[in-house]
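Novice: Residue numbers (our numbering): 609 to 1151.
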Ligand code: TPW
Ligand code: MG
């Protein structure tokens, strides 16, 4: 077996099901090996940021790692932002980069694509990955690959492997099997921790479960839903956890906590809880910083990053999965939730008239469709389209909710469909479309058929809300219907709500193409959440 083959087998053994990539000369042997071995399918895109975003979305959808493969230098550096996003939001993306071989290094000259020194790319990626290596020693490569890939799984963060171009087809031993127990624990400590969590939750009058992104990353949604049922306790998600537990009708999913940026009743319900159990939550400014009344951390239990804290006391080495199992072992199974709870209501009843659409109309249209037919998964970009997802019935969602990078939505929608097979709805602003929208041209050759809803306000509207005086927020009004046709899909113009409803129905009826709907939205018309969010953010900044 060759180095490339043992690497690809090791990826597959750890749950990787696809690769996204763009070749280049330092990576040509690697891509040849990927193509000829047929161990994993590879989807070729147009620009490296999209490669990273697509792999990130695929990883999020399948709760398993995915691969972003690039060439050295020009390719690798182009993908730093998506990998930083994946790091921040704990998405297990495995970066494979080609690299210079021994003869390239020995000339004493700079090799092309080299930025500063030969290890500059490794150094940059060290900052945004949890483990990394250059596979330049075939005798240690199997152990190194195993270590790096297992750390990707353990921490659910990106990792980086550079494969020198002259090593790809060298013989190499197989990579050790994945580690079974990624978070070995002491039983006595785990028992003590589980007992303490339960006692606090069961003695509270108004407990609440706050579910964050690690639950999805470690594929623990079913266990968390079961815990919520057995404890008969209401659940909210964090902003980044939006979309989780969407398909379980038996739990009391109250919605998404946004502090003063969100629904006031829901925020009060969280902030007034006398016991709050944060599961897999990353504490960030937009999870808790916006809270009008600061959350009292003495009442908080927080399981994440392989530990569990209670107030200011920490139980180290407590993985989320063993903790959930220990909690479930202590609770009798039950069939139905006991208490009736007020669940959130989302806008419904789309009016197909001659009025210009608002972001809330888009949410209403999608909700109506979800009610009449089945839910569809969503990919969203940053911009008001993201905040609009909070008015859409909870469904699977990939979005850069915390790191907030633009350019995510369209490549993420492609990655979502590659990983999951289902047709996604992609929500994207006109500004974000300018960054990565062209990637849609790759959809037809892979049979991807997303429905792309462009929030076309000819504006960087989210920036305008913070700084209305700046003229740079005005963008040219592009014709996204024509762009859609030119990229090989179907385009629709939707200047009114009636046209929007028609276009959406046509797009749903035609599964043979991707569709772009150019939804004309007036400047300064925001979704409900963005309007509240901006007000909350301004207040926080002002202290
Ligand atoms: C990679 C900063 C955040 S929101 C925004 C910018 C420039 C405007 C978005 O315009 P769009 O959506 O897409 O038309 P909308 O609803 O506001 O009109 N560069 C990157 N990421 C971010 N977040 C920015 C800049 C930004
Ligand atoms: Mg815009």
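For every residue, glycine included, the Cβ atom is placed at its ideal position computed from N, Cα and C.
Under 5 Å from any heavy atom of the ligand MG, by CB: list those residues in chain order, please.
Specialist: Here the list is 1037, 1038, 1039, 1065, 1067 and 1069.
Novice: Please state the DSSP three-state secondary structure of residue 970.
Specialist: Correct three-state label for residue 970: helix.
Novice: Say yes only if the C-beta of residue 1063 is nearer than 7 Å to one or more non-hydrogen atoms of the ligand TPW, and no if none qualify.
Specialist: Checking the Cβ of residue 1063 against the ligand TPW gives yes.
Novice: At what residues does the beta strand (DSSP E) containing residue 755 begin and finish?
Specialist: First-last for residue 755: 749-763, but that is the alpha helix (DSSP H), not the beta strand (DSSP E).
Novice: Inspect the beta-carbon positions of residue 663 and residue 676 and report whether they are closer than 8 Å.
Specialist: In contact: residue 663 and residue 676 (Cβ atoms closer than 8 Å).
Novice: Measure from the alpha carbon of residue 613 to the alpha carbon of each residue in 630, 648 and 636, then state which is nearest.
Specialist: For the residues 630, 648 and 636, the minimum Cα distance to residue 613 belongs to 648.
Novice: Could you tell me whether any non-hydrogen atom of the ligand TPW is closer than 7 Å to the CB of residue 1012?
Specialist: Yes, the Cβ of residue 1012 comes within 7 Å of a heavy atom of the ligand TPW.
Novice: Please work out which residues of its chain come closer than 6 Å, Cβ to Cβ, to residue 635, disregarding the five sequence neighbours upstream and downstream, and give them in chain order.
Specialist: Correct list, in chain order: 679 and 706.
Novice: For residue 695, which of 623, 792, 759 and 1046 has the nearest alpha-carbon?
Specialist: Looking at the Cα atoms, 759 is the closest of the given residues.
Novice: Hey, which unbroken runs of the alpha helix (DSSP H) at 4 residues or more fall wholly within the segment 841-927?
Specialist: Listed in chain order, they are 872-879.
Novice: Quick check: does the Cβ of residue 993 come within less than 7 Å of any heavy atom belonging to the ligand TPW?
Specialist: The answer is yes for residue 993.
Novice: Using the C-alpha atoms, what's the distance from residue 837 back to residue 843?
Specialist: Those two C-alpha atoms are separated by around 10 Å.
Novice: Between which two residues does the beta strand (DSSP E) containing residue 738 stretch?
Specialist: No beta strand (DSSP E) holds residue 738; DSSP gives it neither H nor E.
Novice: Note the first and the last residue of the continuous beta strand (DSSP E) segment covering residue 1101.
Specialist: Run containing residue 1101: 1098-1102, per the beta strand (DSSP E) assignment.
Novice: Going by the CB atoms, is the gap between residue 750 and residue 779 shorter than 8 Å?
Specialist: In this structure, residue 750 does not lie closer than 8 Å to residue 779 by Cβ.
Novice: Can you name the residues that DSSP bridges to residue 770?
Specialist: Bridge partners of residue 770: 705 and 742.
Novice: Can we count residue 1148 as close to the ligand TPW, meaning its CB is less than 7 Å from some heavy atom?
Specialist: Outside the cutoff, so no.
Novice: Please specify which runs of the alpha helix (DSSP H), each continuous and at least 4 residues long, are wholly inside the segment 804-839, giving them in chain order.
Specialist: Taking only runs of at least 4 residues, the alpha helix (DSSP H) segments lying wholly in the segment 804-839 are 821-825 and 829-839.
Novice: Among 1048, 1042, 1056 and 1011, whose alpha-carbon lies nearest the alpha-carbon of residue 1028?
Specialist: For the residues 1048, 1042, 1056 and 1011, the minimum Cα distance to residue 1028 belongs to 1056.
Novice: Using CA atoms only, rank isn't needed, just tell me which of 985, 1096 and 1064 is closest to residue 1031.
Specialist: Nearest of 985, 1096 and 1064 to residue 1031, Cα basis: 985.
Novice: Can residue 852 and residue 1010 be called in contact, C-beta distance under 8 Å?
Specialist: Taking 8 Å as the Cβ cut-off, residue 852 and residue 1010 do not qualify as a contacting pair.
Novice: Would you be able to state if there are at least three C-beta pairs under 8 Å between the segment 870-877 and the segment 907-924?
Specialist: They do not touch, by the three-pair rule.
Novice: Quick check on the burial criterion: 16 or more other C-beta atoms within 10 angstroms. Buried or exposed for residue 740?
Specialist: Classification of residue 740: buried, given that the 10 Å Cβ count is 16 or more.
Novice: Please return the same chain residues whose Cβ sits closer than 6 Å to the Cβ of residue 917, not counting the five positions on each side in sequence.
Specialist: Contacts found: 910.
Novice: Distance check for residue 1082 and residue 669, CA to CA, integer angstroms please.
Specialist: In a straight line, the C-alpha of residue 669 is about 35 Å away from that of residue 1082.
Novice: Under 6 Å Cβ to Cβ from residue 661, same chain only, skipping five residues before and after it: list those, please.
Specialist: Excluding residues within five positions, the ones whose Cβ falls inside 6 Å are 690, 1016, 1019 and 1020.
Novice: Suppose the cutoff is 8 Å on Cβ atoms and the five residues either side in sequence are ignored; what does the same chain contact list for residue 671 look like?
Specialist: For residue 671, where only same-chain residues beyond five positions count, the Cβ hits under 8 Å are 824, 825, 826 and 827.
Novice: Measure the C-alpha to C-alpha separation of residue 926 and residue 1129 and round it to an integer number of angstroms.
Specialist: Their Cα atoms are separated by approximately 48 Å.
Novice: So, at 8 Å on beta carbons, what are the nonlocal neighbours of residue 642 in its own chain, with the 5 sequence-adjacent residues on each side left out?
Specialist: 612, 616, 627, 629, 648, 650 and 677, listed in sequence order.
Novice: Mind checking which residues open and close the alpha helix (DSSP H) that includes residue 1091?
Specialist: Its alpha helix (DSSP H) spans residues 1088-1094.
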